Structures are given as structure tokens and as C-alpha cells.
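Visitor: My questions will all concern the structure given below.
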Amino acid sequence: MPSSWSGPVQTLNHFIATLPLLVWRADRDGAWLWASPQWEAFTGQSEADYVGDGWLRVVHPDDREAAQTAWSLASDRQSFEVEFRIRNAEEDRYYWHKTRAGPVHGDDGTIIEWLGTSTDIDDLKRLRDQERSLLGELQHRVRNTLGVVRALSRRTADHCDTIEEFVAKFDGRINTFARTQSLSTRSASGQVNLADLVHDELLSHHLSDEDQVRAEGPDIMLGVKAANMLGLAIHELASHAVTFGDPGDPPPRLRVRWGIDDSAAKPLLTLVWKEEGRNLADPDQALGALARDFVERALHYEMDAETAIQTLPGGLVFDVRLPLARAQDRDS
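Count along the sequence shown from 1, then add 1346; that gives the number in our numbering.
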């Protein structure tokens, strides 16, 4: 090398050493000739390790075929571009890299070597994977939401005699469903606090007088399915509390209590709704057939819950016990 070149070469080497990239050179067939200090520091490979095809040993085994295929097409395409994972020696883990190379041509136009870089895209790759996962979750939830709305509309219509009755009941059930979805989306975990679920439903029915209503229990996080099912059941019970009864009667007293029963083989979520202090002429007809479906049967079939409802002259008592793990399942 002429002495007049030493300055520019040293400057180039210093510049390469400061780049946040893994830099390398390969011959016309893709055999590596040289790699920058960054490659050696990242992979732990020395020159003797990476020359030729040695660099492939630090590429993830599942990605080596893609790297070799890209080289086989590079000459025709006049470019080399591929994504693969490279092992970091210090951390003993693989990081995704975007690897590109361009040809260096001789005077006759033929390729004499390749100059390439490998850029860390691991964070970007993970973000893209998260976006795809979130999109899939969103699509799944939208399909489920539409299914629930369709089922609610059909079941409500089956149990209504007039359009006005349908609108009133369907509107209330959809609002309950919407409140549950809102609580879920506001939560970082995507779960719903049972305490928030109960209090929101009571407030929506103007059941907030402390002398009339007592609702107490610990913070228990529910999966979306359990929250939807319990939310609809509580909605029907609250609607019953403000709807049925003789004109002029004072509103009933409500006692709502929930918690976790650890005495069973597997922990159970428990909730008791007690309505008292009213005079019902026909307690057995107080809850309609569809309301009973939401309160009793749906929880039993969908959540493996044990449910019991007892209508009394002074009101009613609803008791539900369901497996805590099932109630907190985020994927259901």
C-alpha cells in the first residue's frame, strides 16, 4: 500500500469503528474476507472464525438457509438483502439484524467483492410482532363483540311483546356490555375489577344511596368473558330492583357481597346479591325467563358456576360461586 494512502485508510478504519453497525467484506461468491471490530465484539468471533462461511455459525440455525439463498440470488439481483438473527456472545442470545450488501465492480464491470452491513432491528422486529398480535386480538374481540350483540338482540326480541319494550331492554343490556368493554380497555392487563363492575352497574340504575345499598368486597380482577357474564347478571338484578314492586312502595334494600373462598379444593369466586324490604304480589314472576337465563343458566354453562336464586315475598337472593381461575382467564 502506498504511504500516501495510510492517512485515508486510517481515517476510514476509524470511521467504520464508530458506526453502530456490523461491517464486513466478502468475495464475489459471498465468502467473507474481513469484518469490523463491532462484529468481533458482538459475536465473539475472531478473523479465523468468520472468514469464508464461518460467519454462518453465529447466525440462528433456522435462518441460515435464508442467508445462503440470498447469496445465491445476489449476483443476478446486484444486491444482497436478508433478515436473520445473530448471536450475541456476551448475552448468549440472538438479535434480529437487517443485512445488506452492495457489489464492488472491476473495470470490466464484473463483481470483484461485496461491502455489507448488518443493522440491529431486534426492537423493531418485536414491535412489529406485538402489532400483529394486537391486531389479531382486536379482530378476535370485534368478532366476539358482534356475536354477543347479535345474540343479545335476538334473545331480547324473543322475549318482548312490543318494540318499545325491546328498545328499553336491549338498550340497557348493550349499555352494560359497553361499560364492561370500557373497563377492560382502560386496564393495562385487559381485565376488569369486579368492584368497579358492581359499582358502575349500581350507579347506572341510580342505586347509590348508602342507606339503601351496601356493596362490599375486595378488588378481584376478572377476564373479559367472566366480566361480561357477571355484568349482564348484575344488570338484570339491578333492573329488577328498580322495576318491580307495588307503586308507592319504598325501594328495596340491597346487600351485595363478593370475595374468594379458599376452603374448597380450588379457590372460588363468590358473589351474593340480596334484595329485601319489598312486597311482591307474585315473586315467582319477578324475573322474566331471559333475565333468569342471564342470572342463572348462562353463568352455569359458560363459566362452570354454581348458581342459586330464591324469590321471596320481600325480594330475592342470588348466590353464585365459580372457579376463580376460570373467572380470571384472560384468553376466554
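For each residue, glycine too, the CB sits at the ideal point set by N, CA and C. Bear in mind the structure is a predicted one, so any value in this text is a computation, not a measurement.
Run the CB neighbour count on asparagine 1683, radius 10 Å, all protein chains shown included, and call it buried at 16 or more, exposed below.
Guide: Residue 1683 lies beyond the range of the chain shown here (1347 to 1678); nothing can be said about it.
Visitor: Can you tell me the Cβ-Cβ gap for histidine 1551 and valine 1588, rounded? I've got them flagged as a contact below 8 Å.
Guide: 5 Å
Visitor: Here's a check: name, in chain order, each residue in its chain whose Cβ is nearer than 8 Å to the Cβ of histidine 1406, leaving out the five neighbours to either side.
Guide: Phe1430, Arg1431, Ile1432, Arg1433 and Tyr1440
Visitor: Kindly confirm or deny that the region 1521-1541 and the region 1640-1647 touch, where touching means at least three C-beta pairs closer than 8 Å.
Guide: no
Visitor: Which partner residues does lysine 1620 have in the DSSP bridge list?
Guide: Arg1601 and Val1663
Visitor: For glycine 1661, collect the residues of the same chain with a Cβ closer than 6 Å to its Cβ; drop the 5 residues on either side in sequence, then sort them by chain order.
Guide: Pro1598, Glu1621, Glu1622 and Arg1624
Visitor: So is alanine 1420 buried or exposed if we call it buried at 16+ other beta carbons inside 10 Å?
Guide: Buried, since its Cβ has 16 or more Cβ neighbours within 10 Å.
Visitor: How many Å lie between serine 1533 and threonine 1526 at the Cα?
Guide: 11 Å
Visitor: Is it true that the region 1551-1565 meets the region 1496-1510, where meeting means three or more beta-carbon pairs spaced less than 8 Å apart?
Guide: no
Visitor: Can you check which of these residues, Leu1379, Arg1519 and Glu1483, is closest to glutamate 1459 by C-alpha distance?
Guide: If we check each option's Cα against that of glutamate 1459, Leu1379 comes out closest.
Visitor: To the nearest angstrom, how far is the alpha carbon of threonine 1415 from that of arginine 1487?
Guide: Each residue's alpha carbon lies about 39 Å from the other.
Visitor: Pick out whichever of Ala1413, Phe1664, Arg1672 and Ser1464 has its Cα sitting closest to the Cα of valine 1369.
Guide: Out of Ala1413, Phe1664, Arg1672 and Ser1464, the CA that lies nearest to the CA of valine 1369 is found in Ser1464.
Visitor: For histidine 1443, which three-state DSSP category applies?
Guide: strand
Visitor: Measuring straight from C-alpha to C-alpha, what distance separates arginine 1667 and histidine 1586?
Guide: 21 Å
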